[in-house]
Amino acid sequence: MRHDPVWDLVVVGAGPAGAAAALEARRLRPDAAVLLVDRAAFPRDKPCGDGIGPHAVDELAALGASGVLDGYPPIHRLRLRSPRGLEVAGVPARPNHVVPRAVLDARLVDAALAAGASFRRARVRRLEERGRLVVADGELAARVVVGADGANSAVRRQLGLPPNPDRALAIAVRGYATAPAGAPEQLIAWVAEGWPAYVWSFPTGTGIANVGYGLLRSRFRGDRAELHRRLRDLLPRADPDQASLRAHHLPFSSSRPPPGRGRVLLAGDAASLVNPLSGEGIYYALASGRLAARAALLAPEQPAAAYRRLLARALGRHLRHAAVLARAIRSPSLAEAGLAAAAGSPALFDVLVELGLGQARITPKLLAALPGGWLHAKGACA
Ligand SMILES: Cc1cc2nc3c(=O)[nH]c(=O)nc-3n(C[C@H](O)[C@H](O)[C@H](O)COP(=O)(O)OP(=O)(O)OC[C@H]3O[C@@H](n4cnc5c(N)ncnc54)[C@H](O)[C@@H]3O)c2cc1C
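The working numbering puts the first residue of the sequence shown at 1, with every later residue one more than the last.
The following block contains the structure:
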């Protein structure tokens with residue numbers, strides 16, 4: 001029978017959240033025994049828009065992993081479209097990157113292994129506390145476990161925490177198509193069908209584009225074929241390869257569980273850390289994975305309390321503001337007004353982009369641009 005060591009950190013799930021946790025743990029303590037566990041072998045695909053915003057790029061730099069973007073040029077241009085067809089195009093203050101997740105995630109796992117973490121292919125089903133250790137599936141003993149196992153997290157279930165309700169859950173389908181001719185430009189087009197809903201086209205800069213359609217789970221009663229139909233109807237020129245179409249859930253941060261209990265922490269989608277305005281989750285996965293590792297290594301006796309503080313300081317206010325705006329945008333007229341205002345102001349265009357893709361707050365300038373004092377009424381500035 002094989003006897004494992006006691007791991008300082010076992011990370012369940014080796015997506016961006018898990019890889020970031022492993023990287024940060026080894027960065028903080030180069031002798032830490034860190035095990036990444038995933039049910040999949042890498043490289044593996046993950047349904048995603050593959051969009052990597054500027055703050056995710058900062059997180060990658062903080063982890064010493066900027067090289068995962070190599071070969072995928074910055075995409076400078078961004079076009080936003082309202083349901084009524086109003087368009088605003090511009091060059092945001094900082095560019096995005098688009099790297100297929102089959103590439104990005106494998107590179108991140110490689111970086112974690114190069115930093116000295118170990119990898120094991122296994123599906124984790126059960127956690128139990130034994131004294132000062134957490135034991136996964138009866139055989140992997142750890143001082144701290146990070147659940148980074150995505151939108152259907154088994155670790156979250158083991159903590160007795162329910163999944164997000166449908167009103168704080170989205171479903172989205174993505175596929176790959178030949179990129180439109182010309183200079184690469186990201187397109188995000190809000191659409192009336194399933195409102196609040198949008199389609200996107202994110203060229204990688206290497207000749208292909210990730211295209212997709214997403215909406216709230218509570219607004220969708222159809223099946224997979226219906227999602228595919230809507231994507232093809234709403235982005236008629238994209239023509240994605242049928243075999244590449246895959247859908248997945250996005251747990252919005254507007255309904256977050258406690259991010260951990262005792263010696264078990266949740267990061268990324270497992271902690272419902274997807275921006276409810278944009279569907280962006282990679283930045284939050286990287287950031288929360290990094291902070292979970294900090295808590296695990298620096299406060300191993302009370303990691304959940306330490307992690308809760310770190311997360312609140314880094315993301316709390318921004319996530320509260322994003323939740324208010326996500327409720328606001330359920331009124332299509334407000335979305336139209338926001339876009340119309342951004343058309344006349346490059347600074348406001350940047351604010352809108354930042355709200356979806358990063359750390360933005362609701363600013364006086366944004367409030368002034370929107371009609372009817374709606375956000376004030378919702379107490380957004382608290
Ligand atoms: C269609 C779509 C488009 C999106 N577009 C974007 C976008 O453009 N930009 C963006 O920032 N975000 C986007 N998101 C959100 C983004 O994909 C997620 O937020 C991100 O993948 C979260 O990373 P994670 O590491 O938490 O989880 P994941 O990337 O889901 O990784 C979880 C890992 O855990 C493993 N796992 C699961 N269960 C177990 C288990 N029991 N035992 C062991 N391993 C397990 C899985 O194999 C997987 O490797 C999109 C999501 C969808 C569905």
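Every residue, glycine too, gets a C-beta built ideally from N, C-alpha and C.
Computed from a predicted model, the values in this text were never measured in an experiment.
Closer than 8 Å: residue i CB and nearest ligand 1 heavy atom
i	result
arginine 224	no
phenylalanine 220	no
glycine 18	yes
phenylalanine 202	yes
serine 153	yes
valine 274	yes
proline 47	yes
glycine 228	The question names glycine, yet the displayed sequence has histidine at residue 228. False, no ligand heavy atom lies under 8 Å from that Cβ.
histidine 248	yes
glycine 15	yes
glutamate 139	no
asparagine 210	yes
valine 124	yes
arginine 44	yes
glutamate 301	no
arginine 327	no
glutamate 128	no
valine 173	yes
Where residue i falls, given that 16 or more other Cβ within 10 Å makes a residue buried
i	result
glutamate 226	exposed
aspartate 8	buried
proline 5	exposed
threonine 204	buried
proline 162	exposed
valine 91	exposed
leucine 375	Here the model assigns leucine 375 a pLDDT of 48, short of 50, so the residue's position is not dependable, and the following value carries that caveat. With 16 or more Cβ atoms within 10 Å of its Cβ, leucine 375 is classed as buried.
arginine 143	buried
glycine 373	Here the model assigns glycine 373 a pLDDT of 49, short of 50, so the residue's position is not dependable, and the following value carries that caveat. Its Cβ having fewer than 16 others within 10 Å, glycine 373 is exposed.
asparagine 152	exposed
alanine 179	buried
aspartate 269	buried
arginine 224	exposed
glutamine 242	exposed
arginine 256	buried
serine 82	buried
aspartate 137	exposed
glycine 150	buried
glutamate 193	exposed
Rounded straight-line distance, which links the Cα of residue j to that of residue i
i	j	result
glycine 147	leucine 265	6 Å
glutamate 185	asparagine 210	12 Å
glycine 160	valine 37	21 Å
proline 47	alanine 40	14 Å
arginine 156	alanine 271	8 Å
valine 98	isoleucine 188	14 Å
alanine 295	valine 274	21 Å
proline 54	valine 68	14 Å
valine 34	glycine 116	8 Å
glutamate 139	valine 88	55 Å
alanine 383	leucine 28	This structure cannot settle anything about residue 383, because the visible part of the chain is limited to 1 through 382.
arginine 125	glycine 13	12 Å
alanine 21	leucine 215	29 Å
leucine 250	alanine 177	22 Å
leucine 133	alanine 141	6 Å
proline 258	alanine 293	17 Å
alanine 65	serine 278	24 Å
arginine 26	alanine 114	10 Å
alanine 168	arginine 221	15 Å
alanine 326	alanine 305	28 Å
isoleucine 362	proline 240	36 Å
alanine 170	arginine 217	5 Å
valine 353	alanine 183	20 Å
valine 199	proline 73	22 Å
leucine 231	glutamate 129	45 Å
Nearest-angstrom beta carbon gap, residue j and residue i [assumed within contact, 8 Å]
i	j	result
alanine 172	alanine 247	6 Å
alanine 154	alanine 19	Rounded, the Cβ-Cβ distance is 18 Å, inconsistent with contact.
phenylalanine 252	glycine 51	Not quite, the Cβ-Cβ distance comes to about 17 Å (not below 8 Å), so this is no contact.
leucine 245	valine 191	Incorrect: roughly 18 Å between the Cβ atoms, too far for contact.
glycine 49	glycine 212	6 Å
aspartate 70	glycine 15	Actually they are not in contact, since the Cβ atoms of aspartate 70 and glycine 15 sit about 19 Å apart, beyond 8 Å.
proline 43	alanine 102	5 Å
leucine 319	tyrosine 307	The pair is not a contact, with the Cβ atoms about 15 Å apart (cut-off 8 Å).
proline 276	alanine 312	The pair is not a contact, with the Cβ atoms about 18 Å apart (cut-off 8 Å).
* Contact between the stretch 58-74 and the stretch 330-340 (3+ Cβ pairs under 8 Å) -> The way I'd put it, the stretch 58-74 doesn't touch the stretch 330-340; fewer than three beta-carbon pairs between them come closer than 8 Å.
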